[in-house]
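Asks:
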Amino acid sequence: MSCSCGCGKCGGKRMKLKGKSIPRSTDIVFIFWEKNPLRPTSLRRIRKFSIVGSASPCRSNLVIGKSLVEAGRCLLKNGFVIVTSQTPNGVSGFIVFKRRGRGQPNSCCSDSHLRAPGIKKRSSGVYFADANLICSGLCSGKDSNIVYDWKLTPTDIRNPGNLRIVGSSHKVGNNTVEVAGTGTFDLNVSVTFKCTAGPLVTALCRSEATVRFTQ
């Protein structure tokens, strides 16, 4: 018996596969096949699958389409369950599961953060967000994809003076912002980190900081 709901979910309910019930904490994300371990050939989501034996990915065989996949070495890392597998015809690869209870999709970027205090002064009128991108597990990312959204609020609302952000307050891959004018103000930045695991899994994590400056 196989499930056609896609990605291991059937309306958020538990699934009956081969007489076994898959717990809601387990969700199949994608399968990665390779004929040569050094040359990946495909990456795709599992649309139809069934489990033979135990409901645990680490102790089960899977049927992907019409192929029996024998579960091999199992690794739990950063909220992902990675099972190396081999089909009867010798095609090897690995299957990646996401543990929804403790490993949300954004778990691979959740270690990303702003180093305290978050915003620092670089030079006269120029400030930067001290962002630290960390992509863990199967994920990877680039500083050039980090998004910065800036906001300036004068502390004296009744007399804001001529304080303003120069240019766009929305920046991608550029962690600096220029402030014109004089006075005391609260400078806020909302940073969006992006980590990916292949073309199918994208994680977004956000951090925010507000620091008061005078210039």
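Once you know that position 197 of the sequence shown is 1452 in the numbering used here, the rest is easy, because the numbers rise by one and skip nothing. A virtual CB, placed ideally from N, CA and C, is assigned to each residue, including glycine. For clarity, every value in this text was computed on a predicted model and none was experimentally measured.
#1: Consider the C-beta atom of Asp1398 and the heavy atoms of the ligand GTP; say whether any pair is separated by less than 7 Å.
#2: Since Lys1375 sits in a beta bridge, which residues does DSSP pair it with?
#3: State the beta-bridge partners of Thr1457 as determined by DSSP.
#4: Starting from Lys1397 and walking both ways along the beta strand (DSSP E), at which residues does that stretch end?
#5: Could you please give the first and the last residue of the uninterrupted beta strand (DSSP E) stretch that includes Leu1407?
#6: Who pairs with Thr1437 in a beta bridge, going by DSSP?
#7: Excluding the 5 residues flanking Lys1376 on each side, which residues of the same chain have their C-beta closer than 6 Å to its C-beta?
#8: Just the C-alpha distance for Arg1461 and Cys1450, rounded to the nearest angstrom, thanks.
#9: Which class does Gly1358 belong to by DSSP, given the choice of helix, strand or coil?
#10: Alpha carbon to alpha carbon, what distance is there between Lys1397 and Thr1447?
#11: Give me the Cβ distance between Arg1413 and Ala1435, rounded to the nearest whole Å; I'm assuming they're in contact under 8 Å.
#12: With distances taken Cα to Cα, identify the nearest neighbour of Val1427 among Ile1389, Ala1458, Ala1384, Ser1365.
#13: Under 8 Å between the Cβ atoms of Ala1386 and Asn1430?
#14: Going by beta carbon distance, what residues of the same chain come within less than 6 Å of Thr1465, once the five residues before and after it are set aside?
#15: Might you give, ordered along the chain, the residues of its own chain that have their beta carbon closer than 7 Å to the beta carbon of Leu1388, omitting 5 neighbours on each side?
#16: Which residues in the same chain as Ser1379 place their Cβ atom closer than 8 Å to its Cβ, once the five residues preceding and following it in sequence are excluded?
Replies: Judging by the given coordinates:
#1: Ligands are entirely absent from the displayed structure, and the ligand GTP is therefore not among its contents.
#2: DSSP lists Phe1383 as the beta-bridge partner residues of Lys1375.
#3: Thr1451
#4: No beta strand (DSSP E) holds Lys1397; DSSP gives it neither H nor E.
#5: 1402-1409
#6: Answer by DSSP bridge pairing: none, since Thr1437 is not bridged.
#7: Tyr1382
#8: 12 Å
#9: Its pLDDT being 35, under 50, Gly1358 is placed unreliably by the model, and the measurement read from it follows with that caveat. Residue state, collapsed to three classes: coil.
#10: 12 Å
#11: In fact, because the Cβ distance is near 20 Å, the residues do not count as touching under 8 Å.
#12: For the options Ile1389, Ala1458, Ala1384, Ser1365, the alpha carbon positioned closest to that of Val1427 is the one of Ala1384.
#13: yes
#14: Asp1441, Asn1443
#15: Ser1367, Gly1396, Asp1398, Ile1401, Phe1448
#16: Gln1470
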